[in-house]
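FYI, in my numbering the residues of the sequence shown are 165 to 459. A virtual CB, placed ideally from N, CA and C, is assigned to each residue, including glycine. Bear in mind that the values here come from a model prediction, so they are computed numbers and not experimental data. Right, one structure below, let's go through it.
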Amino acid sequence: MENFLEQIFGFLPRGDLYLRRGRGCDLDTDVGSWADRSPLHDAACYGRVLALKTLLDQGACANLSTIDSVTPLHEACLGGHAVCAKMLISAGAQVNARNIDGSTPLCDACSRGSVSCINLLLSHGAEVNPSLITASPLHEAVLRGHQECVDILIENGARIEHTDCHHGTPLHVACVRGHVDCAKSLLLAGANPNATKNHETPLHYAAQNNYTAVIQVLVEHGANITALNQNGKRALHLTAEDSEARQLLFYVEGHVESLKQLCRLTIRQSVGAGRLEYLSSLKLPDLMLNFLCHR
165 MENFLEQIFG FLPRGDLYLR RGRGCDLDTD VGSWADRSPL HDAACYGRVL
215 ALKTLLDQGA CANLSTIDSV TPLHEACLGG HAVCAKMLIS AGAQVNARNI
265 DGSTPLCDAC SRGSVSCINL LLSHGAEVNP SLITASPLHE AVLRGHQECV
315 DILIENGARI EHTDCHHGTP LHVACVRGHV DCAKSLLLAG ANPNATKNHE
365 TPLHYAAQNN YTAVIQVLVE HGANITALNQ NGKRALHLTA EDSEARQLLF
415 YVEGHVESLK QLCRLTIRQS VGAGRLEYLS SLKLPDLMLN FLCHR
């Protein structure tokens, strides 16, 4: 029997560890049952479809959770195993299950950058804005630079101004990590370039890290270059000497914005973040629309 199981799972350890993780696990079918870690978790974690199917067919609980409230669906999504995730959901896995940190399977899928898992979860009712004080699914996607995931979440109503107690807004995260494409997606969706976390704006973070491309994007979307942080310093003061970032900010501070740029900022602010998607439907010349939409 052990050889048969080992052939199916391919990764289960031998000896007493196997007893603790395999035979010692109760395949209870009640929602909310838990184990330190089960073969079901391992199968989902490593994308072992046959092993997962075998366990589910034998009556394993799809919502079996570890002592840290991690479910097999969390594991499947963190590994980017969409087929396993689909099997678990079909077996009754809760798509909005929370682990001990409050993270949902969608948070894990976004952390992994798995578009297929994200679409699967959203199609089965996953909350794009779960009530969290820590990283939201959008934060997780931005943190690792998964722009396609960011775009999907925004299209599905992700709150772009949600504040994480550790990171600030998703735009703060993009600027800390230097993910310019994610920053663009957030700003095009109406993210506030002057949002603050402990008096630090996204521009302050980009300047500290000398991310010239990110600074350029922030300035184009109306970042306040004279905003002061908690130490009374502008973004310019935070850049490295002789860096491209300092040269760029020095240039921007010494030049007046063009009239067309000021008009674009005013129009986009007047339209509002929640309605920017309708800009392209305005009856305006293509050249003007493209400029308004940053195309």
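Note on Pro334: 16 or more other CB atoms within 10 angstroms of its CB, so buried under the neighbour-count rule. Assigned with DSSP and collapsed to three states, Glu291 falls in coil, not helix or strand. Fewer than three Cβ pairs drawn from the segment 427-439 and the segment 342-350 lie within less than 8 Å of each other, which leaves the two stretches out of contact. Counting only runs of 4+ residues, the alpha helix (DSSP H) found wholly inside the segment 370-399 occupies 376-384, in chain order. Within 10 angstroms of the beta-carbon of Lys361 lie 16 or more other beta-carbons, which makes it buried. Glu364 is bridged by DSSP to Lys361. Per the coordinates, the alpha-carbon of Thr230 lies some 57 Å from the alpha-carbon of Leu448.
Classified as exposed, Leu423 has fewer than 16 neighbouring CB atoms from the shown chains inside 10 Å of its CB. Selection Thr390, Ala240, Ala261 and Gly396 evaluated against Val416 yields Thr390 as nearest (Cα-Cα). Boundaries of the alpha helix (DSSP H) harbouring Lys424: Leu423 to Val435, taken from the DSSP string. Secondary structure at Gly438: helix, using DSSP grouped into helix, strand and coil. The closest CA to that of Ala226, considering only Tyr210, Asp232, His326 and Cys248, is found on Cys248.
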